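Student: In the numbering used here, the protein residues as written are -19 to 442.
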Ligand code: UDX
Ligand code: ADP
């Protein structure tokens, strides 16, 4: 019976996942550790609006369990030592250097984490990989643990996370499935059962799928690849719809009504963002290349290409429509996060659209209800297109959507925050340059309503 859990990494995955686990398993002590002291301090903040991850419902749950059976700490070694089960929830970004740069997952943090576990552990432990990892990472972790450890026994499980940001708490509480991969040996199966027993506190057993390690790792990569593929498919059609009289929302509705296809993940947009889709697709493509499966690699690579095309096409359309230049024009951005109900901006389409417009010398003012100004500058600077100083001059964040839109030539909607639908669009129109353009990258507004107010409205694929 597991009594003590340690989770390494207090990010978007580790934080919410352990909060829900602590809430559902009051008899298990869970310590979430991170080497980032500021992050831990924020998780321990008395002001629950300051916890580092914004997710609807998360703050309330943290309030309920923190200090009871959920703890946030920087004492990584101590937490590892005390735990029977360790979750690795560290980040696995796309590698930015050397072999596999721009494609492969960077396993630096995972490797450091494994070495730390090996060094500290004095008794047998179950190690669970929670981050999205390329296939066969568990094997690498096993090799490090077995060869550098203090001769204690480790069981390594793959337990991929399927939560989507913005709905993480609901996804965790009511998971479609929980996947647990482990070695098919007696000890491996026993470890799988231990983790199954934890999830069985709140997930019906029939939704807990047990597999071998590699199936589990591959399922995570390919589930994301399938989801991303649907978005690229509908986005490719949005380009076709814009050239014809078809409306992509009508087409999506008609396609999705076929129960074999289903209606989810068919919303055309400026493109998908987030920490997972592109990273996992790149990873899948890299793995296929490495195994000599060129056709398979190129098949999945096309999903990424279509997404890049969509972001570029959207930005390009803004410039073309604004008489071929946005130089010195004020452009308002509503939204910077990669989707609504999160403060996460990893791979957000907003930064790529901004980058393109900044190249054409636009002045952009951004409003986002949850993203900080520092985060926005860190995102745009990371693209390395121009000096920090120039970015600061041309790109600003404001705390009021009406201020962002005042005197703007165009309003560009990048994130589908609900509050944008409720804005006083007449007031916005009154205070804009004319003609007043709206580029709705999320199709959240109705063309008829906007045209009735005098806007020149451009949606995606309609
Ligand atoms: C995704 C997976 O959904 C989740 O299961 C996995 O664990 C992590 O990756 P996430 O990236 O958090 O989750 O959000 P998701 O809701 O999948 O959205 C990803 C991107 O696709 C967002 O930019 C979103 O706006 C976009 N999207 C989604 C569309 O453009 N159209 C859609 O129909 C759905
Ligand atoms: P994810 O979306 O996968 O949760 P995040 O970047 O939000 O990714 O969170 C990962 C966290 O893991 C970061 O806060 C980082 O500081 C932490 N981390 C990475 N490596 C280690 C390590 N060896 N020890 C402790 N914390 C780590």
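All C-beta atoms, glycine included, are put in the ideal place defined by N, C-alpha and C.
Predicted, not measured: the structure shown is a model, and the values here were computed from it.
Can we count residue 202 as close to the ligand UDX, meaning its CB is less than 7 Å from some heavy atom?
Tutor: Answer for residue 202: no, Cβ out of range of the ligand UDX.
Student: Evaluate the contact criterion for the region 131 to 145 versus the region 165 to 172: three or more CB pairs, one atom per stretch, below 8 Å.
Tutor: Output reads yes: the region 165 to 172 touches the region 131 to 145.
Student: When the Cα of residue 197 is compared with those of 34, -7, 110, which residue comes out closest?
Tutor: Minimum Cα distance to residue 197 is reached at 110.
Student: Starting from residue 10, follow its DSSP beta bridges and name the residues at the other end.
Tutor: Beta-bridge pairing links residue 10 to -15, 50.
Student: Going by C-alpha distance, which of 158, 165, 274 is nearest residue 199?
Tutor: Ranking 158, 165, 274 by Cα distance to residue 199 puts 158 first.
Student: Taking buried to mean at least 16 other C-beta atoms within 10 Å of its own C-beta, is residue 390 buried or exposed?
Tutor: The residue in question, residue 390, is buried, as its Cβ has 16 or more Cβ neighbours within 10 Å.
Student: Quick one: residues in its chain with C-beta nearer than 6 Å to the C-beta of residue 74, no 5 flanking neighbours on either side, listed in chain order?
Tutor: Answer for residue 74: 259, 262, listed in chain order.
Student: Between residue 15 and the ligand ADP, is the CB less than 7 Å from at least one heavy atom?
Tutor: Correct: residue 15 has its Cβ closer than 7 Å to the ligand ADP.
Student: Starting from residue 377, trace the beta strand (DSSP E) in both directions and tell me its first and last residue.
Tutor: 375 to 377 is the extent of the beta strand (DSSP E) around residue 377.
Student: Please determine whether the Cβ atom of residue 5 lies at a distance below 7 Å from any heavy atom of the ligand ADP.
Tutor: Residue 5: no, Cβ never under 7 Å from the ligand ADP.
Student: Just to confirm, is the Cβ distance from residue -3 to residue 141 under 8 Å?
Tutor: Yes, they are a contact pair.
Student: Mind checking which residues open and close the alpha helix (DSSP H) that includes residue 294?
Tutor: 274 to 301 is the extent of the alpha helix (DSSP H) around residue 294.
Student: If contact is defined by three or more beta carbon pairs under 8 Å, each pair taking one atom from either stretch, is the region 339 to 359 in contact with the region 277 to 292?
Tutor: Cβ pair count under 8 Å is below three, so no.
Student: Following the continuous beta strand (DSSP E) through residue 424, name the residue where it begins and the one where it ends.
Tutor: Where residue 424 is concerned, there is no enclosing beta strand (DSSP E), given that its DSSP letter is neither H nor E.
Student: Using 8 Å as the threshold, is the region 44 to 56 in touch with the region -2 to 8, meaning 3 or more CB pairs across them?
Tutor: Segments in contact, yes.
Student: Quick check on the DSSP output: the alpha helix (DSSP H) that includes residue 447 runs from which residue to which?
Tutor: Any answer about residue 447 is impossible in this case: the structure gives the chain only from -19 up to 442.
Student: Does the Cβ of residue 253 lie closer than 7 Å to at least one heavy atom of the ligand UDX?
Tutor: Yes; taking the cut-off as 7 Å, the Cβ of residue 253 has a heavy atom of the ligand UDX nearer than that.
Student: Flag this pair as touching only if the region 221 to 241 and the region 365 to 381 have three or more C-beta atom pairs under 8 Å; answer yes or no.
Tutor: No, the region 221 to 241 is not in contact with the region 365 to 381.
Student: If you follow the alpha helix (DSSP H) that residue 207 is in, where does it begin and where does it stop?
Tutor: Note, residue 207: alpha helix (DSSP H), 193 to 223.
Student: Report yes if the CB atom of residue 385 is closer than 8 Å to the CB atom of residue 330, and no otherwise.
Tutor: The answer is no: Cβ separation not under 8 Å.
Student: By the DSSP assignment, the alpha helix (DSSP H) with residue 37 in it spans what residues?
Tutor: Neither: residue 37 is in no alpha helix (DSSP H) and is coded neither H nor E.
Student: Assign residue 438 to one of three DSSP states: helix, strand, or coil.
Tutor: Of the three classes helix, strand and coil, the one that applies to residue 438 here is strand, per DSSP.
Student: Please report the straight-line C-alpha distance between residue 80 and residue 266, rounded to a whole angstrom.
Tutor: So the two alpha carbons sit approximately 8 Å from each other.
Student: Report yes if the C-beta distance between residue 286 and residue 379 is below 8 Å; otherwise report no.
Tutor: Contact: no.
Student: Within 10 angstroms of its Cβ, does residue 237 collect 16 or more other Cβ (buried), or is it exposed?
Tutor: Exposed is the call here.
Student: Verify the contact flag: residue 152, CB atom, against every heavy atom of the ligand ADP, threshold strictly below 7 Å.
Tutor: Checking every heavy atom of the ligand ADP against the Cβ of residue 152, none is found closer than 7 Å.
Student: Quick one: grab the DSSP three-state call for residue 258.
Tutor: Helix.
Student: Looking at the strands, I want to know which residues DSSP matches up with residue 390.
Tutor: DSSP output for residue 390 lists 311, 417 as bridge partner(s).
Student: Hey, would you say the C-beta of residue 259 is under 7 Å away from at least one heavy atom of the ligand UDX?
Tutor: Answer for residue 259: no, Cβ out of range of the ligand UDX.
Student: Is there contact here, the region 327 to 341 with the region 286 to 300, by at least three beta-carbon pairs under 8 Å?
Tutor: A contact exists between the region 327 to 341 and the region 286 to 300.
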